[in-house]
């Protein structure tokens, strides 16, 4: 069973920031928070991951609450090509990824 | 990130035949690969973990005699769907664990249609 809870869908205006929430209240100390996305009919794409500190890369930022029970993925300037299903997954290094239902993000012009 | 190539991207086969799907890690040696299946409008379901040089580990409910996995080299894992039936029609995706096992990289997927 997936250990995370995400809203089923969200809309975002093109050019605005997309903030995707994820709850993982049962996360353990060794588990990282991962984000992947899947554009229609393609394999998933790695976005970012973190343990407890906030992380940023060229694609997105990951904000993890101090108690680690929730996190937010931020796409700073969403484009139409960011329309996808976004998966939040908690996992220890070396373990297998188990996907939940994810959030369908629709970026609209 | 790692480059993972899956082949073919699409295949149509007749009921009762077998289909082989290849997953290649192009830029590093992968000791562990994963196979997933995805039905329309559903999430990815992990089928099995493929370990180089040893038998694959199958998830509960996945028939190992129907979905044959071979990971004979550090750059290639294959999934063979044996005696395929229409209900096996799905999107099959492989992934490769990164060098430090910190993230996974996915192939582009194979759309299997059994007629």
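Residue numbers (this note's numbering), protein chains in the order written: chain A, 1 to 109; chain B, 110 to 224.
Note that CB positions come from ideal geometry on N, CA and C, so glycine has one too.
Check, Outcome
"Residue burial classification, residue 135/B (beta-carbon count within 10 angstroms, cutoff 16)", "exposed"
"Residue 188/B beta carbon less than 8 Å from that of residue 176/B", "yes"
"Test: residue 165/B CB closer than 8 Å to a CB of chain A", "no"
"Spatial distance of residue 164/B from residue 158/B (CA atoms)", "9 Å"
"Residues near residue 167/B by beta carbon distance below 6 Å, same chain, minus five either side", "157 and 173"
"Between the CA atoms of residue 20/A and residue 108/A - distance to the nearest angstrom", "16 Å"
"C-alpha distance - residue 69/A paired with residue 22/A, whole-angstrom precision", "9 Å"
"Beta-carbon neighbours of residue 121/B, restricted to chain A and to distances below 7 Å", "In chain order: nothing, as chain A lies at least about 16 Å away."
"Any beta strand (DSSP E) of 3 or more consecutive residues that is wholly inside the segment 113-197 of chain B", "113-116, 119-122, 128-134, 141-147, 154-160, 176-182 and 185-190"
"Simplified DSSP state of residue 82/A, which is helix, strand or coil", "helix"
"8 Å Cβ shell around residue 198/B - same chain, five flanking residues per side excluded", "221, 222 and 223"
"Residue 84/A and residue 14/A closer than 8 Å at C-beta", "no"
"C-alpha distance - residue 87/B paired with residue 133/B, whole-angstrom precision", "In this structure chain B extends from 110 to 224, so residue 87/B is not present and cannot be described."
"Short-range partners of chain A found in the segment 139-157 of chain B, where Cβ spacing is below 7 Å", "143, 152, 153 and 155"
"Cβ of residue 84/A within 8 Å of any chain B Cβ", "no"
"Contact under 8 Å by Cβ, residue 82/A with residue 75/A", "yes"
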